[in-house]
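Read through the structure below, which is laid out as structure tokens, and then see the notes.
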Amino acid sequence: MPRNNPPAPLVTTPLIRLVPQITDPNVVITETVFDYLCQSAITLSPSVLASFIADWQAATLVALEGVLSDLLNVGTITCADLNPGSVPTQQVTGLTAPGSVSAPPLPSVVAGIISKTSALKGQHGRGRNYLPGVPDTFVTSATEANQLNALGITAYNALAAKLKAPITSSGVVWSPVITTRPLPPTLIPQRAVVITGAVTIPLLGTVRRRREGRGI
């Protein structure tokens, strides 16, 4: 039988997407996406997007670095207008933001996973972030090589707490959300739901490969 999941609420205020790019020692670039919904009816502009990048860095970047090997670097952060979809994407490049864990990373296909939930039941109310660059000290190979150990879980939990927290930028509050992918031929997302929980999944996963523009 086809799924009959309740839809997420309609978007009536600006919806944006922040994307950090993580580069490993082999110059393999991976991305993960974080969506935010403005809680006020403001006019989106390039300066608003640029300010959000800076405020997101101040609020969250240290926690992201805390789950990355120091051999990896967050070199670029972009912020895109998902809805209304008319404001040019802003980007900060050339960042020196290496991971803060002094340990080599596991292979680039291996990812830590943060599961995100909301008050909405069904698949439209759930999401995940797959984060590569897992330090090898975050696993205990002798006992369980495919699971985060206590050190790793603590670091990912710290990041998860940041990812479910609203960010104040440009004088307004932006809530982290799970965005419903629009159905073709629509290109602009129309629905999103606010995240109420974010937890670390102890079992490691595999970085998901998506077509360009689909995210990870």
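First residue of the sequence shown? That's 9 in this note's numbering, and the numbers climb one at a time after it.
Yeah, the Cβ is synthetic: ideal placement off N, Cα and C, and Gly gets one too.
Host beta strand (DSSP E) of residue i (start-end)
| i | result |
| --- | --- |
| Ile61 | It is not in any beta strand (DSSP E) - Ile61 instead sits in the alpha helix (DSSP H) that spans Pro54 to Trp64. |
| Ile37 | Ile37 to Glu39 |
| Ile196 | Unbroken run through Ile196: none, as it is neither H nor E. |
| Ile50 | Per DSSP, Ile50 belongs to no beta strand (DSSP E) and is neither H nor E. |
Paired residues, beta bridge with residue i - DSSP
| i | result |
| --- | --- |
| Lys124 | Gly135 and Ala206 |
| Thr104 | DSSP output for Thr104 lists no bridge partner at all. |
| Asn91 | Leu23 |
| Thr214 | Val118 |
| Thr148 | Glu152 |
| Asn81 | Thr31 and Pro106 |
Residue i vs residue j beta-carbon contact at 7 Å
| i | j | result |
| --- | --- | --- |
| Ile122 | Thr208 | yes |
| Ile175 | Ala67 | yes |
| Leu212 | Asn157 | no |
| Leu167 | Val75 | yes |
| Val27 | Thr97 | no |
Straight-line Cα distance separating residue j from residue i
| i | j | result |
| --- | --- | --- |
| Ala71 | Ile203 | 18 Å |
| Thr51 | Pro22 | 8 Å |
| Ser183 | Ala200 | 11 Å |
| Pro54 | Val118 | 35 Å |
Integer-rounded CB distance, given that residue j should sit under 8 Å from residue i
| i | j | result |
| --- | --- | --- |
| Ala226 | Thr188 | Lying before the first or after the last residue shown, residue 226 is absent from the chain, which here runs from 9 to 224. |
| Asn81 | Thr101 | Not really, about 12 Å apart at Cβ, beyond 8 Å. |
| Gln47 | Val180 | 7 Å |
Opening and closing residue of the alpha helix (DSSP H) in which residue i lies
| i | result |
| --- | --- |
| Val180 | Looking at the DSSP string, Val180 is not in any alpha helix (DSSP H); the run it does join, the beta strand (DSSP E), is Val180 to Thr188. |
| Leu45 | Careful: Leu45 lies outside any alpha helix (DSSP H), inside the beta strand (DSSP E) at Phe42 to Cys46. |
| Thr162 | Ala158 to Leu171 |
| Ala71 | Val70 to Glu73 |
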